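Residue numbers (full-length UniProt numbering), protein chains in the order written: chain A, 1 to 389; chain B, 1 to 389.
This is the structure we're talking about:
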């Protein structure tokens with residue numbers, strides 16, 4: 001168990017009245033806001049109008065940057081920074097899922113410096129200070145609404161990489177589960193996998209974490225596994241949408257991972273898939289995770305699979321640990337590919353082995369390895385990619 | 001499930017190096033601190049020296065108020081306010097358990113106004129604004145290190161009552177589990193009961209809470225039930241002390257109770273016991289809780305006892321709900337009075353029925369009832385007190 005500093009000051013308005021607070025909260029920071037969003041679906045479902053109404057009523061002038069894409073591009077970030085500097089904007093409100101929020105984090109930091117924002121990645125420059133960022137979440141998945149980090153893609157270099165700083169953690173987030181009613185089946189499934197994967201990445205940790213936090217991670221996993229399929233079947237089930245939404249924030253805001261070194265494994269492998277093939281992040285995670293588990297499950301690692309199996313998947317505690325681990329993988333396959341109705345193989349989504357060598361090396365980064373729960377070399381990663389075909 | 005605002009910005013340094021940060025954190029707020037503490041045991045175990053050393057090294061001048069008693073008195077609060085005003089002090093560091101921290105919350109608010117601090121209670125005046133409060137926790141129990149509220153006693157009127165405001169929530173808390181190694185067996189047991197009781201008060205709620213938060217409360221309960229007895233047997237078991245400490249904060253900081261109306265029941269009954277007889281709060285809770293459960297368990301309430309039994313006490317899920325409830329009460333009796341070695345009856349600690357009428361009325365307050373999970377009249381409360389004899 002490691003020493004840690006807990007420091008998660010994000011304020012959250014949660015519930016179907018969350019947007020009622022956006023005007024007064026924004027006004028605490030500035031009278032000029034950059035509103036960032038994606039493809040414009042927020043204009044169909046009334047969110048855009050509501051946000052504008054509330055901001056105007058509070059005397060906040062709104063500038064806009066729309067068109068932020070999934071797997072957001074550094075180009076959008078540059079454009080946002082340009083507007084912020086030109087209009088002397090004081091804060092950002094990101095309306096969307098992880099992509100819009102992540103891109104906005106890079107804008108928030110980039111607005112305060114004179115260099116190109118890709119240097120936050122390429123030269124590891126600190127994302128501090130940053131403009132205040134507020135978020136309106138429209139999809140439960142990345143947890144970006146309550147964490148420090150963001151992922152950004154550079155299409156010129158085929159790189160999808162992450163950075164972050166406590167200064168880019170949202171100051172206030174507005175979480176209204178009804179705003180996710182229109183998220184379609186596929187995106188709901190992918191979001192569910194993303195949340196679950198964040199918990200896995202923290203749960204399968206290098207150091208022993210605190211008992212209390214392991215149990216809380218199991219609570220979050222149970223929640224996601226229960227409500228993911230319900231939200232798929234009943235998109236307007238408030239209870240399901242609310243539980244998924246709040247679980248998405250707590251899976252990754254830093255609370256559950258505080259006491260242990262969690263060195264992520266499946267995410268870096270997936271980031272190469274979406275960087276090279278622009279697939280949905282959650283789908284990539286679903287295909288990779290059970291194969292990764294198969295690859296690393298052994299006598300030495302089985303204890304963690306055993307806890308997961310007994311405490312989350314309700315598997316008989318009297319079974320052998322390795323046996324429980326195998327059942328966990330079976331149940332997870334069923335969950336991803338039957339309950340959540342996702343494609344189970346890379347081939348089915350048009351990906352072959354042609355770039356596995358290149359992707360494996362990139363996934364292992366400058367260190368030449370993934371230092372996760374079990375350390376992986378590029379050859380290991382390639383083998384896992386191959387298992388996904 | 002209710003709408004809610006989540007707003008818990010307390011920063012926590014957790015671990016055996018937590019006090020290393022106290023100088024730099026304090027200096028962010030002020031260069032003149034009031035250090036509040038209790039009976040002086042912090043001078044025996046080195047905490048006092050360490051805190052002073054760190055504060056002085058950071059250029060913070062320290063004034064002191066010692067002698068804050070368990071079930072803290074309004075007199076100590078008045079004295080603290082006098083010193084703060086006289087010396088123009090900018091922040092408070094409370095070193096101790098809930099009593100010292102609670103009293104310091106009243107000082108923090110009282111220092112900003114001209115009226116007597118008992119009016120925060122008697123006239124329900126808001127405890128805002130308040131001086132910044134930092135805390136060094138020396139006992140895991142009340143959760144005051146991360147919540148807004150405080151309990152204060154007026155011996156002249158035999159009243160033990162609570163108030164609080166988001167402005168009195170500690171800004172920074174230093175949680176070093178090793179500082180609780182010297183907490184004796186009895187106080188460790190009472191602290192354990194207090195933590196568990198906070199979770200019960202939130203778990204047995206009026207509205208249905210969020211599934212995720214119910215499961216998290218169960219995780220916290222499992223943690224407390226596992227580690228309470230270990231800390232009793234092995235006072236220097238870091239894992240046990242750390243889990244109890246972090247659970248104490250999360251039991252009551254507002255996170256788990258956010259989505260439901262939790263109207264507390266056993267605490268108001270216990271507050272009359274400690275107000276009239278000055279007994280340890282946790283002991284009173286241990287004696288009252290299983291009797292309260294017996295009193296309110298019925299066909300209508302059994303579902304909550306069933307969840308508790310199956311998910312926390314590992315009771316067979318195929319049993320009848322009422323049956324599970326009865327086993328929960330048996331197991332809780334064993335936990336409090338055998339594992340934690342606490343006295344099980346009021347008679348054993350010298351309390352008889354002579355003041356039950358008066359206490360029952362007071363416990364029901366101005367409303368004439370306790371609006372908890374099950375509503376209780378003064379007659380109900382008296383009956384529960386009688387079951388404790």
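Every residue gets a Cβ at the ideal spot worked out from N, C-alpha and C, and that includes glycine. These numbers come from a predicted model, not from an experiment.
### Task
Could you check which residue in A:175, A:232 and A:176 has the C-alpha nearest to that of residue 193 (chain A)?
A:232
### Task
Starting from the N-terminal side, write out each stretch of the alpha helix (DSSP H) that is 4 residues or longer and does not extend beyond the region 281-350 of chain A.
281-296, 302-311 and 321-334
### Query
Rounded to a whole number of angstroms, what is the C-alpha to C-alpha distance between residue 200 (chain B) and residue 313 (chain B)?
14 Å
### Query
How many angstroms separate the CA atom of residue 4 (chain B) from the CA atom of residue 260 (chain B)?
9 Å
### residue 301 (chain B) versus B:338, B:236, B:289 and B:374, residue with shortest Cα-Cα distance
B:374
### Task
Could you check if residue 40 (chain B) is buried or exposed, using at least 16 other CB atoms within 10 Å of its CB as the buried criterion?
exposed
### Task
Work out the CA separation of residue 86 (chain A) and residue 256 (chain B) for me, nearest whole Å.
44 Å
### Task
Return no unless some Cβ of chain B is closer than 7 Å to the Cβ of residue 128 (chain A).
no
### Query
Could you give the residue range of the beta strand (DSSP E) that holds residue 159 (chain B)?
159-164
### Message
If we require 4 or more residues per run, which alpha helix (DSSP H) segments fall completely within the region 20-107 of chain B?
### Response
22-27, 41-44, 47-57 and 74-87
### Query
Residues of chain B with CB under 7 Å from residue 247 (chain A), in chain order?
212
### Query
Is the beta carbon of residue 290 (chain B) sitting closer than 7 Å to the one on residue 253 (chain B)?
no
#### Entry: residue 276 (chain A) - containing beta strand (DSSP E), residue span
It is not in any beta strand (DSSP E) - residue 276 (chain A) instead sits in the alpha helix (DSSP H) that spans 266-277.
#### Entry: Extent of the continuous alpha helix (DSSP H) run through residue 243 (chain B)
238-252
### Query
Would residue 12 (chain A) count as contacting chain B if we go by Cβ distances under 7 Å?
yes
#### Entry: In chain order, each alpha helix (DSSP H) run of at least 4 residues that lies wholly inside the region 170-245 of chain B
185-203 and 211-233
### Task
Report all residues from its chain with a CB closer than 6 Å to the CB of residue 363 (chain A); omit the five preceding and five following residues, and keep chain order.
268, 269, 272 and 381
### Query
Going straight from the alpha carbon of residue 182 (chain A) to that of residue 138 (chain A), what length do you get?
9 Å
### Query
Counting contacts by CB-CB distance shorter than 7 Å, is residue 72 (chain B) in contact with chain A?
no
### Query
Going by DSSP, what residues sit across from residue 135 (chain B) in a beta bridge?
B:94 and B:173
### Message
Report the CB separation of residue 219 (chain B) from residue 219 (chain A) in whole angstroms; it is logged as a contact under 8 Å.
### Response
5 Å
### Query
Where does residue 383 (chain A) fall in DSSP's three states?
helix
### Task
Note down the Cα distance separating residue 114 (chain A) from residue 287 (chain A), rounded to an integer number of angstroms.
40 Å
### Contact with chain B by residue 7 (chain A), beta-carbon distance below 7 Å
yes
### Query
Hey, does residue 216 (chain B) have any beta-carbon neighbour from chain A nearer than 7 Å?
yes
### Task
Using a cut-off of 9 Å between C-beta atoms, extract the partners of residue 4 (chain A) located in chain B.
12, 13, 14 and 15
### Task
Starting from the C-beta of residue 58 (chain A), find all residues in its chain whose C-beta is less than 7 Å away, skip the five residues before and the five after it, and write them out in chain order.
23, 24, 26 and 27
### Task
Could you spell out the range, first to last residue, of the beta strand (DSSP E) harbouring residue 11 (chain A)?
11-14
### Of the listed residues B:216, B:280, B:210 and B:177, nearest to residue 238 (chain B) (C-alpha basis)
B:177
### Task
Over the uninterrupted alpha helix (DSSP H) stretch that includes residue 121 (chain B), give me the two end residues.
119-122
### Message
Let me see if you follow: with CB-CB separation under 7 Å, is residue 318 (chain A) close to chain B or not?
### Response
no
### Task
Look at the alpha carbon of residue 54 (chain A) and the alpha carbon of residue 131 (chain A), and state the distance between them as a whole number of angstroms.
21 Å
### Message
Is it buried or exposed, residue 354 (chain A), if we count other Cβ atoms within 10 angstroms and call 16 or more buried?
### Response
exposed
### Task
Can you have a look at residue 76 (chain B) and say buried or exposed, based on whether 16 or more other CB atoms are within 10 angstroms of its CB?
buried
### Task
Would you tell me roughly how many angstroms separate the C-alpha atoms of residue 45 (chain B) and residue 99 (chain B), rounded to the nearest one?
19 Å
### Query
Does at least one heavy atom of the ligand MN sit under 6 Å from the Cβ of residue 332 (chain A)?
The ligand MN is not part of this structure, which contains no ligands at all.
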